[in-house]
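Below is one structure; the comments refer to it alone.
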Amino acid sequence: MILLRRAKSVVGLDLGSSVVKAVELSLLGSEPVLTGFGRAEIPPGGSLAEAVSAALATLRGRTKRCVSGVGGQSTVVRYISMLPMTHEELLQAVRFEADKFLPFDADEVVLDCQQLSAPVSADGESDGNKVPVLVAACRRQLIEEQVRVIEGAGLVPIAVDLDLFALANAWDLCGLQEEDIALEPGVPQRAQALIDIGASRTSINVLRGAETCFSREIAIGGSDMTHAVARRLGVEFFEAEAIKRAGDVHEVEVGASIAPLLEDLANEIALSIDYVEHHEGVEVSELLLSGGGSLVNGMASSIEQATSRPTRVWDPLEGLRVNAESLDVEELEAWAPSLVVAMGLAARVRA
Ligand SMILES: Nc1ncnc2c1ncn2[C@@H]1O[C@H](COP(=O)(O)OP(=O)(O)OP(=O)(O)O)[C@@H](O)[C@H]1O
Ligand SMILES: [Mg+2]
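Numbering (the numbering used here), first residue to last: -8 to 342.
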């Protein structure tokens, strides 16, 4: 038994477009332990608030402190160069110049920025005495909607992260950093690509050392594959979803209907890998897949083929302690790759 009664805990709440995922991490000394998880599907036209309640009912968490995530079209990530200054000055300067690089009005968004250590300009050249800065913005409206849902479910929102960066935090939580990242002249630095394939979109975050050097969202996900199966078999979406997941019913038709989407997605990912290698002077040594879409038959192999890079489905339970008494381990293991973003959000328990 793990003694966690007084442990500090945080719930990571991933409000996906098709599934709500909730993960609770608690600190045992300084070690994060997974103490609960819950998930609930949002049926087409169904209510997000109901799915959140259902996921939290399964979670049976010990805390109300919650970190949620945002992504998609209401968010923007940009890599820019600025003169060195303090964080406060940087925020002010970025806000002042926001209309140069954001597709939203500065007062419509919540902004944050972070100075990076490596050069971000093309071909890895540094831009005079400027420093690379990562800017993340999210429309205020989306954050306010999330906060309403979270408070409505009886939780207390303590932070909102970008899903893209939750991926990196999960990677750090799981201790996936490679040994071989030493800089030697003429040898490209190794990087890892984290790729979360959801229902509505696929998010890519490439890490050099422990730092993001490229991120992108692609508007292809598992729902597109379900729609393709539904069209081909002439069935409703929910039926097509069950057929797609079963894998052994209408196998040939399912394979044929999702093949063009698998190919498009794999090609888009390959283009991104080529881009980041060319512009950042890194070599992407491994691709780690997460999200429910990573469970599609043939996903990892088609991406591996298109990118010529070792590709595997990421099991975030490797290297993470689990309190088996407070959750259904079999369910947890079955859904583990789709819980990566929720885990990355809950990783703030270490802050
Ligand atoms: N066993 C399976 N085989 C194939 N696809 C699966 C399987 N399990 C789940 N999926 C797919 O995973 C997707 C849901 O994954 P996930 O929970 O990561 O999405 P989401 O977070 O709700 O979406 P998004 O991040 O795009 O908002 C669905 O499209 C679903 O069809
Ligand atoms: Mg998701």
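For glycine and all other residues, C-beta sits at the position ideal for the given N, C-alpha and C.
- In the DSSP assignment, residue 188 forms a beta bridge with 193.
- When DSSP reads this structure, residue 17 sits in a beta bridge with 0 and 24.
- DSSP places residue 205 in the uninterrupted beta strand (DSSP E) bounded by 202 to 209.
- Membership of residue 274 in the beta strand (DSSP E) is indicated by the continuous run 273 to 281.
- Taking a cut-off of 8 Å for Cβ pairs, the region 57 to 70 and the region 1 to 9 touch, as three or more such pairs fall below it.
- Within the model, the alpha-carbon separation for residue 249 versus residue 28 is close to 30 Å.
- Residue 102: member of the beta strand (DSSP E) spanning 100 to 106, first to last residue.
- In the three-state reduction of the DSSP assignment, residue 33 falls in the coil class, being assigned neither a helical nor a strand state.
- If you check the CB distance, residue 307 and residue 331 come in under 8 Å.
- A distance of 8 Å or more separates the beta carbons of residue 279 and residue 152.
- The C-beta distance from residue 97 to residue 90 rounds to 7 Å, short enough to fall under 8 Å.
- Going by beta carbons, residue 237 and residue 228 fall outside the 8 Å limit.
- In the structure shown, the three-state DSSP call for residue 182 is strand.
- The closest CA to that of residue 123, considering only 92, 71, 76 and 0, is found on 71.
- Going by DSSP, residue 49 is part of the alpha helix (DSSP H) stretching over 39 to 50.
- Judged by beta-carbon spacing, residue 163 lies beyond the 8 Å limit of residue 282, meaning their Cβ atoms are not closer than that value.
- In this structure, residue 320 has its beta carbon at no less than 7 Å from each heavy atom of ligand 1.
- Sequence-distant Cβ neighbours of residue 150 in its own chain, meaning closer than 7 Å and more than five residues away, are 58 and 339.
- Residue 327: not part of any alpha helix (DSSP H); DSSP gives it neither H nor E.
- Straight-line spacing of the CA atoms in residue 264 and residue 179 works out to 14 Å.
- Your pair residue 26 and residue -3 does not check out as a contact, with CB atoms roughly 12 Å apart and the cut at 8 Å.
- Taking the C-beta atoms as reference points, residue 82 is found no nearer than 8 Å to residue 121.
- With contacts defined as CB atoms closer than 8 Å, residue 275 and residue 197 qualify as a contacting pair.
- Closest by C-alpha distance to residue 182, out of 127, 126 and 270, is 270.
- Per the DSSP secondary-structure output, residue 125 pairs in a beta bridge with 70 and 105.
- Taking the C-beta atoms as reference points, residue 259 is found nearer than 8 Å to residue 211.
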